[in-house]
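These notes are about the structure you will find just below.
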Amino acid sequence: MTESNKLPSGQTRIDSLEMLNITKRFPGVLASDHVNFDVKSGEVHALLGENGAGKSTLMKILYGLYHPDEGEILLNDKPVSIASPNDSIGLGIGMIHQHFMLVPTLTVAENVALGLPSTRGFMTDLDQVSKRILELAKIYSLKIDPDAYIWQLSVGQQQRVEIIKALYRGAALLILDEPTAVLTPQEVDELFVIMRQMVKDGHGLIFISHKLHEVVEISNRVTVLRDGRKIGTRPTSEVTKQDLANWMVGREVGFIPDRGVVDRGEARLELNNISCSSDRGTPGLRGVTLEVCSGEILGIAGVSGNGQRELAEVIAGLRKAASGQVVLEGQDVTGLPPAARADRMLSYIPEERMRDGVIREFTVAENMVLREHEKRPYSRAGFLNLGKISRHADELIKRFHVKTPSRDTLAKNLSGGNIQKVVLAREISRAPRVVIAAQPTRGLDIGATEYVREQLLEQRRNGVAIMLISEDLDEILALSDRIAVLYEGRVMDIVPREHATPEKLGLLMAGVHLEESVSVVK
Amino acid sequence: MKKISLFVTFILALALALSACGAPAEPAVEEPAATEAPAEATEAAATEAAPAEPFRVAVVMPSTINDLAFGQSMYDALVRVQEEMGGPDAFEFVYSESMFVVDDAAAAIRDYATQDFDLIIAHGSQYGSSLQEIAPDFPDTSFAWGTTVDTFGLPNVFAYEAASHEGGYVNGVIAASLSKSNVIGVVGPIETGDAKLYVDGFKAGVTATNPDITVNVNYIGSFSDVALASEAATTHIAAGADVLTGSAQMVTGAIGKADEAGVLWLGTQSSQASLAPSIVVATQVFHWEVVLMEIIALVNEGTLGGQSFEINLENGGEVIEFNDGYALPDEVKTLAETTVQGIIDGSVTFTLP
Amino acid sequence: MITDLFSTTVLIGILASGIRLATPYLYAAIGETFSQKSGVLNLGVEGQMLIGSFAAFYVAFTTGNLWLGLLVAMIVGALMGLVMAFVTVNLHAQQGISGIGFYLFGLGLSDLLFQRLIGNVETIKGFEKIYIPGLSDIPGIGQILFNQNILVYGAYLLVPLAWFVLNKTTLGLKIRAVGENPDAADSLGVSVARVRYFTIVLGGALSGIAGASLSIALLNVFQQNMTSGLGFIAVALVYFGAWKPVGVLGGALLFSMVNSLQLWIQVLGIPIPSDIAVMMPYVLTILVLVATVSRVRAPSALTKPFERDE
Numbered sequence: 002m003t004e005s006n007k008l009p010s011g012q013t014r015i016d017s018l019e020m021l022n023i024t025k026r027f028p029g030v031l032a033s034d035h036v037n038f039d040v041k042s043g044e045v046h047a048l049l050g051e052n053g054a055g056k057s058t059l060m061k062i063l064y065g066l067y068h069p070d071e072g073e074i075l076l077n078d079k080p081v082s083i084a085s086p087n088d089s090i091g092l093g094i095g096m097i098h099q100h101f102m103l104v105p106t107l108t109v110a111e112n113v114a115l116g117l118p119s120t121r122g123f124m125t126d127l128d129q130v131s132k133r134i135l136e137l138a139k140i141y142s143l144k145i146d147p148d149a150y151i152w153q154l155s156v157g158q159q160q161r162v163e164i165i166k167a168l169y170r171g172a173a174l175l176i177l178d179e180p181t182a183v184l185t186p187q188e189v190d191e192l193f194v195i196m197r198q199m200v201k202d203g204h205g206l207i208f209i210s211h212k213l214h215e216v217v218e219i220s221n222r223v224t225v226l227r228d229g230r231k232i233g234t235r236p237t238s239e240v241t242k243q244d245l246a247n248w249m250v251g252r253e254v255g256f257i258p259d260r261g262v263v264d265r266g267e268a269r270l271e272l273n274n275i276s277c278s279s280d281r282g283t284p285g286l287r288g289v290t291l292e293v294c295s296g297e298i299l300g301i302a303g304v305s306g307n308g309q310r311e312l313a314e315v316i317a318g319l320r321k322a323a324s325g326q327v328v329l330e331g332q333d334v335t336g337l338p339p340a341a342r343a344d345r346m347l348s349y350i351p352e353e354r355m356r357d358g359v360i361r362e363f364t365v366a367e368n369m370v371l372r373e374h375e376k377r378p379y380s381r382a383g384f385l386n387l388g389k390i391s392r393h394a395d396e397l398i399k400r401f402h403v404k405t406p407s408r409d410t411l412a413k414n415l416s417g418g419n420i421q422k423v424v425l426a427r428e429i430s431r432a433p434r435v436v437i438a439a440q441p442t443r444g445l446d447i448g449a450t451e452y453v454r455e456q457l458l459e460q461r462r463n464g465v466a467i468m469l470i471s472e473d474l475d476e477i478l479a480l481s482d483r484i485a486v487l488y489e490g491r492v493m494d495i496v497p498r499e500h501a502t503p504e505k506l507g508l509l510m511a512g513v514h515l516e517e518s519v520s521v522v523k
Numbered sequence: 012m013k014k015i016s017l018f019v020t021f022i023l024a025l026a027l028a029l030s031a032c033g034a035p036a037e038p039a040v041e042e043p044a045a046t047e048a049p050a051e052a053t054e055a056a057a058t059e060a061a062p063a064e065p066f067r068v069a070v071v072m073p074s075t076i077n078d079l080a081f082g083q084s085m086y087d088a089l090v091r092v093q094e095e096m097g098g099p100d101a102f103e104f105v106y107s108e109s110m111f112v113v114d115d116a117a118a119a120i121r122d123y124a125t126q127d128f129d130l131i132i133a134h135g136s137q138y139g140s141s142l143q144e145i146a147p148d149f150p151d152t153s154f155a156w157g158t159t160v161d162t163f164g165l166p167n168v169f170a171y172e173a174a175s176h177e178g179g180y181v182n183g184v185i186a187a188s189l190s191k192s193n194v195i196g197v198v199g200p201i202e203t204g205d206a207k208l209y210v211d212g213f214k215a216g217v218t219a220t221n222p223d224i225t226v227n228v229n230y231i232g233s234f235s236d237v238a239l240a241s242e243a244a245t246t247h248i249a250a251g252a253d254v255l256t257g258s259a260q261m262v263t264g265a266i267g268k269a270d271e272a273g274v275l276w277l278g279t280q281s282s283q284a285s286l287a288p289s290i291v292v293a294t295q296v297f298h299w300e301v302v303l304m305e306i307i308a309l310v311n312e313g314t315l316g317g318q319s320f321e322i323n324l325e326n327g328g329e330v331i332e333f334n335d336g337y338a339l340p341d342e343v344k345t346l347a348e349t350t351v352q353g354i355i356d357g358s359v360t361f362t363l364p
Numbered sequence: 010m011i012t013d014l015f016s017t018t019v020l021i022g023i024l025a026s027g028i029r030l031a032t033p034y035l036y037a038a039i040g041e042t043f044s045q046k047s048g049v050l051n052l053g054v055e056g057q058m059l060i061g062s063f064a065a066f067y068v069a070f071t072t073g074n075l076w077l078g079l080l081v082a083m084i085v086g087a088l089m090g091l092v093m094a095f096v097t098v099n100l101h102a103q104q105g106i107s108g109i110g111f112y113l114f115g116l117g118l119s120d121l122l123f124q125r126l127i128g129n130v131e132t133i134k135g136f137e138k139i140y141i142p143g144l145s146d147i148p149g150i151g152q153i154l155f156n157q158n159i160l161v162y163g164a165y166l167l168v169p170l171a172w173f174v175l176n177k178t179t180l181g182l183k184i185r186a187v188g189e190n191p192d193a194a195d196s197l198g199v200s201v202a203r204v205r206y207f208t209i210v211l212g213g214a215l216s217g218i219a220g221a222s223l224s225i226a227l228l229n230v231f232q233q234n235m236t237s238g239l240g241f242i243a244v245a246l247v248y249f250g251a252w253k254p255v256g257v258l259g260g261a262l263l264f265s266m267v268n269s270l271q272l273w274i275q276v277l278g279i280p281i282p283s284d285i286a287v288m289m290p291y292v293l294t295i296l297v298l299v300a301t302v303s304r305v306r307a308p309s310a311l312t313k314p315f316e317r318d319e
């Protein structure tokens, strides 16, 4: 009995953890409304919900970052008080944050040792820490070099450091907050292998995600939250993806958008052998040649940081191409500034919508007219026509279902989804010929995501040429007619929709050439 | 957010108030009975009427009143004027010191101008352009600006300067007579104005006395960097100098090094003997009261400006003060006194570069 | 005349005075390194130095006890650091602005106290040069390195000590983590506030010593604004030294050596206008900074107040 009580790491198992009637109020919001949640040793319990549904609040309470207004937490049936991360760590609860809590300039061992007492008093004992890291790595089959600096590691490896960090601190129960959001499909598979191993060994895992197929694949039970309330908890085997989606959104969700049949027209955007450098001065793009045609969505897949940002910026005119040409509807625009390209009806939905998409301190109406404010009817001889601008804004707010108190609300006070709608309204309402959409649904909830995708498809039906840059493979697969995979600034391959599978794209994203994949040239 | 900005504002305000200390808040020290019972004041006014009105002066200076240099020379002069005119009842003055930021100084000058002072002294050549703007706005107030000869052609601006080269020449003669190593060092602030005038006069005095002596000159580029002035003195000493001189308030550091090394020092502007009684030989002391008395007389007669003045050895505005603590050989002292006389009567002449 | 620069006297002179001039920079810049490593830009160094400088001088002047003066300088510097810490850590004040506020506060307060408590420029007998038998007698090197006062030695010993604390202790690990990613440190139970309080107070104490090194060891006088921008140079040296104690040492020595070189250039009568000569240390420092800037990266959280959650 005592033996079976221990995890391979030597830590005592947490047989059960229960959160009862957890309530947390923020000014004006009930973030968690009498929520019950529990997790047992040897299971993955998925926590599902849209942004703002209360998943993070609940988990931050469990980890000691927030204090609940009501409710209690039972560990192995005994009430515990968790006032700070130190308390939760002490109880054997670990958390893998969505944004990794790692210090890039420190080594793996230093990151693990941070905040822990040293066996050598005030001096660090990194050699001891490294030894223990290697032990744990062996037990859990995690490959890790304790002396590597975090900045040298891939995202997947960094995640492993986070797991090691939690295990090192004796975590028996792990909270994984959207752990797959930043991983390639292969890395997700590797993570799931590790998770299954941990569950088998007796750990309890809480898995937060909004990717339904992952939840279905990995979890034993699933709990859905909406607007701070618990909708229900079910064994995963008893529910379908469609059920979960409906519970999350609170209504029927059209799951796979209807693409319709659209004939591909003439090439509207052509890139010829484009090269440019990244912000750090290293090569960003190396000889990229692509074309996007009227009535098609060209998906750009790839792991973050493989040239997506540079690609979008070179086309928009925000980054200088070192060589090669950008051709818009037959005209070479390589040397033209962004405004001149926009005048040729190129629209751009930037990746960092808060930084590049809107001006945070401007009102919704002002943001909606940013592109066209110098043109009639919005201004004349340098004077803004405020009446026209207001009417235009009201119209767009209605048409694009922007949830805002008024057109005079500052952009920074809107939610992410509504900010994206403002950007979308501005860029699409002008009847563009070419749209560059960079990560258009990142960070948006299902409802907003659905809306944005629908709008892109709508544009496609209107014959617009669309380039969709996304790290979400499901999105790429659902929307694109053809898919180009970027790897280290090169186009690995262009795969037609019919031949694309997550596995195939995953390999290309990792830089592996596919002999059998059909290259489409024109 | 609000409380933060409030707090920062408070800190800044406190800091500014403190940094401006010894400024307009100071008058209470010099201006007697400013806060005494008003009954008494009205009584006094009633009985004595017009003549009791004192002559009121305000002065704005870049350094402090006790810098043992330029600022102190003006402060000491004002104290002497006050004594001469019969105390605070007849002459009162206020000052704003540490006005090294010209904009602050300009604001202070303007403040004083609105407060019915009889004379406002801008004691720093850097204040010129500010004064040129301010003076025309207050045609009934008299301003004085030094050190310069330029009154901008304005009828209410006096200009004053010091013929520092004269005392510099005498100091040079003394230094040359005392140097055994034939190397003399000079620590200057910035190569311009009063400092340059003094140094050039000093060099002329040395060369006239002993052309074999090397005079090493070092301008450190700052009026306030005491540390660098001290290293400059150390450098001179390492280069073999056995007599040093220097101008402006940062020389205190240099005097300290000279004292440590037992090297002689000749000062200018204000007496520096108190810092190092055993090595300070003599100081050219400025007596601005010579000029101030003339200006005050003119203002009382109704002339508010348009003239420029100079203090020099002849009019007693510059005095070579020997330090009693240092046993200066009689023949050197005699030579120095003869040189002073020679400059006054024109038998000693020299040209500046 | 140029060749005179290479005579033994001149070389020894340049090096010895460079070593001395670098002393206050080292104390202040090492202190600033600690606070910047933890993510706090303290622009009030100059003000802390002035207060420390005055406090040390006043105590030594009235009691004759130099060590007591040094201790008081440390304490008042630390107290100013404590207030700075409260303003930046608890109130999340904009660090640049509040730093300038603290500078002006130090400038004003030191001047005010000086006027009220001492009144005139006075001199004292400061820390004397320490003669080390054997070492001080080595020709050349002895004069350069082993003919200095205790605070000069202290400044140079501080460099390896600071390196050790930053790189080899748990405290140093916390400081580095807090300056790079305070969220990560917080999630591991490291108190970001406590670490920053510590570094800012330490920086204040060291700035106090830096001021004291001027008033009771190197110059032995106090006068208004006598640090004359030295504290701001010290902040720049932290950037120059790429947030490493050894880099700060290199920067302080380079700046000071070139400064003493330009003093000699003028003394030797080498025909360079004095205005150009006094610019040399600044110009050279900027050139080196430009040449090395690409590899230098500031702590990511520098100047960013830390707050749990957005």
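Protein sequences appear in the order of chains H, Z and U.
Residue numbering for the first sequence follows this note's numbering, starting at 2 and increasing by one per position.
Residue numbering for the second sequence follows this note's numbering, starting at 12 and increasing by one per position.
Residue numbering for the third sequence follows this note's numbering, starting at 10 and increasing by one per position.
Heads up, the beta-carbon is just placed ideally off N, CA and C, and yes, glycines get one too.
Item	Value
Proximal residues of chain H, C-beta to C-beta of Asp146(U) below 7 Å	Chain H residues near Asp146(U): none, gap ~37 Å exceeds 7 Å.
Validate contact between the region 14-28 of chain U and the region 206-224 of chain U using beta carbons, cut 8 Å, 3 pairs	no
Cβ-based contacts, 7 Å cut-off: residues of the region 104-118 of chain H near chain U	Val104, Pro105, Thr106, Leu107, Glu111, Ala114, Leu115, Gly116
Backbone CA spacing between Thr46(Z) and Arg67(Z) [nearest angstrom]	Residue placement at Thr46(Z) is flagged as unreliable, the pLDDT there being 38, under the threshold of 50; a coordinate-derived value is accordingly withheld.
Exposure of Pro147(H), with buried meaning 16 or more beta-carbon neighbours within 10 Å	buried
Against chain H: residues of the region 252-283 of chain U by CB proximity under 8 Å	none
Alpha carbon of His176(Z) to alpha carbon of Thr159(Z), nearest angstrom	14 Å
Three-way DSSP call (helix, strand, coil) for Arg372(H) in this model	coil
In chain order, each beta strand (DSSP E) run of at least 3 residues that lies wholly inside the region 340-418 of chain H	347-350
Straight-line Cα distance separating Val424(H) from Phe193(H)	36 Å
Residues that Asp78(Z) contacts on chain U, provided the C-beta gap is smaller than 9 Å	Val130, Gln232, Gln233
Contacts of Asp236(Z) in chain U (Cβ-Cβ under 7 Å)	Ser237
Buried/exposed call for Asn419(H), threshold 16 Cβ in 10 Å	buried
Whole-Å CB distance - Ile225(U) paired with Ile133(U), under 8 Å assumed	7 Å
Any non-hydrogen atom of the ligand GDP within 8 Å of Tyr67(H) CB	Looking for the ligand GDP in the displayed structure turns up nothing, as the structure carries no ligands at all.
Complete runs of the alpha helix (DSSP H) confined to the region 135-169 of chain U [at least 4 residues]	150-154
Delimiting residues of the alpha helix (DSSP H) encompassing Glu239(H)	Where Glu239(H) is concerned, there is no enclosing alpha helix (DSSP H), given that its DSSP letter is neither H nor E.
Integer-rounded CB distance, given that Asn229(Z) should sit under 8 Å from Val340(U)	No statement about residue 340(U) is possible, as the shown extent of chain U runs from 10 to 319 and does not include it.
Gln103(U) - DSSP class collapsed to helix/strand/coil	coil
Residue-chain proximity (Pro364(Z), chain U), Cβ-Cβ < 9 Å	no
Within chain Z, the residues that Leu228(U) reaches when beta carbons sit closer than 8 Å	Val237, Ala238, Ser241, Thr263, Gly264, Gly267
Partners in chain Z for Thr18(U), counting only beta-carbon separations shorter than 9 Å	Ala249, Ala250, Gly251
Chain-ordered chain Z contacts of Val54(U) [CB-CB under 9 Å]	The contacting residues do not exist; Val54(U) stays about 15 Å from chain Z at best.
Test item: CB-CB of Ile1(H) and Ala47(H) under 9 Å	Because chain H in this structure spans residues 2 to 523, residue 1(H) falls outside the shown range and cannot be described.
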